[in-house]
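Protein chains in written order, with full-length UniProt numbering: chain A, 1 to 257; chain B, 1 to 289; chain C, 1 to 278.
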Amino acid sequence: MSARLGHENVVIGSLAQIGRCGLFLLRILSAVPRSFQHVRETVRQLWFVGAMSLTIIMTCGLFIGMVLGLQLYHVLSIFGGTSATGSVVALAVYRELGPVVTALLFAGRAGTSVTAEIGLMRATDQIAAMEMMAVDPIAYVVAPRFLAGLIAMPLLCCVFCGLSIFGGHLVAVDWLGVDNGTFWSNMTANVNVWDDVINGLIWKSLVFGAVISLIAVFQGYTTPPTSEGVAYATTRTVVASSIAILALDFVLTAFLM
Amino acid sequence: MSQRKSYAAGTGLFIVLGFAALVYLATQTTSVVNSHQGASYTVEAQFANVGQLKERAPVKVAGVRVGQVQSITLLPGKDVAQVRLSIDRKFDQVPADSTAVIYTSGLLGDQYVGLQFGNAKSYLADGGHLVLTKSTQPLEEMLGKFFGAGGTADAFGGSYKVNAHFTNVGTLSVGAPVRMAGVAIGSVSDVKADPVKLDATVTMLINGKYNQIPDDSAAAIFTSGLIGSQYVAIQPGGSPNSLKDGDQLVLTQSAMQLEDLIGKFLVNGSSSGNNAGGNGSSNQPAGKH
Amino acid sequence: MIDTVQAQTEDRALVRVRGLTTRLNGKTVFDQLDLDIPRGKVTAIMGPSGTGKTTLLKHITGQMFGNAGEVWVDGQNVAELSRDALFGLRERIGYLFQNSALLTDFDVFENVAFPLRQHTRLPEVLIRNIVLTKLQAVGLRGAASLMPSELSGGMARRVALARAIVFDPMLILYDEPFVGLDPIALNQVLKLIRTLNETLGLTSVLVAHELEAIKQVADVIYLIANGKVVAQGDPKTIAGNGSPWTRQFFGGEADGPVPFQYPADDYAEALGFKQGAV
């Protein structure tokens, strides 16, 4: 199958993949009402993809904020504008770094594990067993993971941004000596709830969450049930998610600004 | 079952943490007053120059935000900007003869519209006009007065070379313009340290058509704009002899620290701009950071 | 004569396969296959590897559909069922997978309870009683709190069996239940198949290769090869019916109707020994 695809036009091949992915999304969405009876499963998945990703998200958020504070302080000190450090850290994190870095980490941490998990469930006949037990695997396995990713991404992104600002504050105020009041007042003066937090952070991370989850469950569900197939599928999840995130980030920024 | 409960508790904790972070971000790092909600009324004002004023810039009374700029349009057929201000309904007691002024918040900050209350007993209503306005004072104009900068570099035909020694060239680099009365007359072709005199030698190429520059003219290193690049300014002297190729400018004034300038500017006010130019002497220590 | 026998078996058949033809990736798996699975009996489906025995089970459960022909289960044409009706049918069919297919996220108890939790709103006490009863039946009540990764192959298969019978199905399908089991575990599973069939009164279908084991447990044996039933009968008589297929399969001969050599071009020619090939 893959050998035959190799001979086909690459463009048509990837278009077909996107089309199958879209149809799969429709299947998931139509299964979402039925998946509400498996709400426990959704909660369990939220624990795995969300709560278990907190450590990496918080650590990375802290360091991103710290390095932003450091870099911006030195650039802004050239113009004597170190008081703007707070607002620039916040804007950079809300609009770009928060959603994008969280999404990339999320794809690497949660996306791959979802793909591998579903792929292995297929390889070990667990998916078929569910079908045989008259349980729809789309409603029981796929939709809860999709929903969990959708819910977890914005929350993780908020935590990431909070930690980033904390990190930026740590470096700029506690270490480099920017005035605490200036740091916060400058930030509050320049950050807008609707433009930066709702449009920048929440919308972007929702879209990213949906895209990553869709790619992850799609790759897992359609992978050939072999160990090689699962390995390939996890790789494809990371690659496809990363490309999709960065491309969509540009599109969303262009539309939401 | 206990396993299942721990999932639920952990997940609940995660959700609460996420939402707490969102609430924190939304309330502590943004200003809710920046968002434009609630009833408002619109008044119009005309300005000769709105400068960098943008839509949704704040409208303030005594520094307190009362509304925002709704739209900025050009009045048809005139070079006058029509600005519509949307003022929150709860601030409905703005005297009709108030003055609208465009201010800049801080040196590099955004511009906003400030309302200075008049004494009229009647108040502005929806669709009202603010007759008295003060336009923006472009920073460039102020600094232009202050520094005497402006203009662009000419094309170079024949040119001649002049040297000058400075104790400090700041960030002057090769290719920087050489200006007289703000007009570019040449460019810096070389900057290097003099191993004997222990100062900086700047070589300038000056356009051949400016061959009437007195040879006792002074060279000074200035900064164009607040955060712009540096250039060499030639201040003509009174000698009857003109500069020739290979001559040296003896009177020089080194680069000044921007902090010094701004410090003086802010302390003395713009009225004393005339003494600022000659004041930054070369042997003065650099300002502290 | 043939007609009356046909009518009698149809009457007693829980599963009827008529004229089933299936092609997968250009290869014909079934070619006009006819088959009856009698109620209340243990039916074994045997055949060389790759003859589509597991595929036949998938046809019975509606996981797969043929290109032509019909599969009737308990009077319903599987291919024409709606999704909900198909799921309703599947609730009455137990299926034991080759590799047990236990859900790795849950312990043994939750694995067995899974179909109950998905399809019923029974009180926890009742679920507990049902699950423990089924686990007791397969002899693994003590293992209720183990995770699937802690089970041996034989235990996992018995847990899967307990899960398959948790709804007291009318039909249970065993896909290669003896593969990879040591003699003790094999006999345990064998005994379970027999006792479950007798005590619960259900119909069992076995797909397997192990001739000795099948002889102990099966009432009816079908031998499938080349997409057709090549022999059928009870364990005692089927081996002696004289067909070359049964002789090769039950005698365990390396060559026969199922060739040792995979179809290929001429050997001598491939090695370049024939004249003119050089």
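Virtual Cβ for every residue (Gly too), placed ideally from N, Cα, C. Source: prediction; values computed, not measured.
Under the Cβ distance rule, glycine 63 of chain B does not count among the residues neighbouring chain A, no pair being separated by less than 7 Å.
Boundaries of the alpha helix (DSSP H) around glutamine 136 of chain C: 124 to 137. Counted as a single uninterrupted DSSP element, the alpha helix (DSSP H) harbouring tyrosine 267 of chain C occupies residues 267 to 270.
The distance from the Cβ of valine 142 of chain A to that of isoleucine 28 of chain A is about 6 Å, consistent with a contact at the 8 Å cut-off. Here DSSP, grouped into helix, strand and coil, assigns valine 131 of chain B to coil.
Residue pairing from DSSP places glycine 67 of chain B in a beta bridge opposite B:Val59 and B:Ile87.
If you draw a straight line from the Cα of asparagine 119 of chain B to the Cα of glutamine 93 of chain B, it is about 11 Å long.
Not flagged as an interface residue toward chain A: threonine 133 of chain B, since no C-beta distance is shorter than 7 Å.
Residue pairing of glutamine 116 of chain B in beta bridges, as defined by DSSP: B:Thr99. Counting along the chain, no beta strand (DSSP E) covers asparagine 168 of chain B, and no H or E run does either. Here DSSP, grouped into helix, strand and coil, assigns arginine 145 of chain A to helix. Residue-level contact check: glutamine 45 of chain A does not touch chain C, since none of the beta carbons of chain C fall below 7 Å from its beta carbon.
Between glycine 200 of chain A and arginine 95 of chain A the beta-carbon gap is near 4 Å, inside 8 Å, which marks them as a contact. Less than 7 Å separates the beta-carbon of phenylalanine 250 of chain C from that of alanine 239 of chain C. Closer than 7 Å to the CB of alanine 26 of chain B there is at least one CB belonging to chain A.
None of the residues of the region 163 to 196 of chain C has a beta carbon lying less than 7 Å from any beta carbon of chain A.
In its chain, beyond the 5 residues on either side, Gly62 and Val71 have a beta carbon closer than 6 Å to the beta carbon of valine 78 of chain C. In the same chain as valine 174 of chain B, and ignoring 5 residues on each side of it, the C-beta atoms closer than 7 Å to its own belong to Val188, Ser189, Asp190 and Val191, in chain order. If you keep only unbroken beta strand (DSSP E) runs of at least 3 residues inside the UniProt domain "Mce/MlaD" (159 to 237) of chain B, you get 159 to 166, 177 to 180, 183 to 193, 200 to 207, 218 to 223 and 230 to 235. The three-state reading of DSSP puts serine 77 of chain A in helix, counting H, G and I together. Using a CB distance below 7 Å, the part of the region 90 to 124 of chain A facing chain C consists of Thr124, ordered along the chain.
The DSSP-derived three-state label of leucine 181 of chain C is coil.
Following the DSSP letters along the chain, one finds tryptophan 72 of chain C inside the beta strand (DSSP E) bounded by residues 68 to 73. A distance below 7 Å separates the beta carbons of valine 88 of chain A and leucine 72 of chain A. From the listed residues A:Phe24, A:Trp47 and A:Leu246, the smallest Cα separation to tyrosine 7 of chain B is found for A:Trp47. By the C-beta density criterion, serine 100 of chain C is buried, having at least 16 other C-beta atoms within 10 angstroms. Of the other Cβ atoms in all chains shown, fewer than 16 fall within 10 Å of the Cβ of proline 76 of chain B; this residue is therefore exposed.
Contact check for isoleucine 224 of chain C and isoleucine 45 of chain C: beta-carbon distance about 6 Å, within the 8 Å limit, so the pair qualifies. Taking 7 Å as the cut-off between beta carbons, the residues of the region 53 to 71 of chain C near chain A are Thr61 and Gln63, in sequence order.
Contact check for glycine 170 of chain B against isoleucine 234 of chain B fails: the beta carbons are separated by 7 Å or more. DSSP, reduced to helix, strand and coil, places tyrosine 95 of chain C within a strand of the structure shown. Relative to valine 61 of chain B, the option among B:Thr29, B:Gly114 and B:Asp199 whose CA is nearest is B:Gly114.
Interface annotation, cysteine 60 of chain A: not in contact with chain B, CB-CB separation never under 7 Å. In the DSSP assignment, glycine 233 of chain C falls within the beta strand (DSSP E) that extends over 228 to 233. For leucine 22 of chain B, a Cβ of chain A is located within less than 7 Å of the residue's own Cβ. Ranked by Cα distance from tyrosine 232 of chain A, the options A:Ala31, A:Gly119, A:Ile56 and A:Thr102 are led by A:Gly119.
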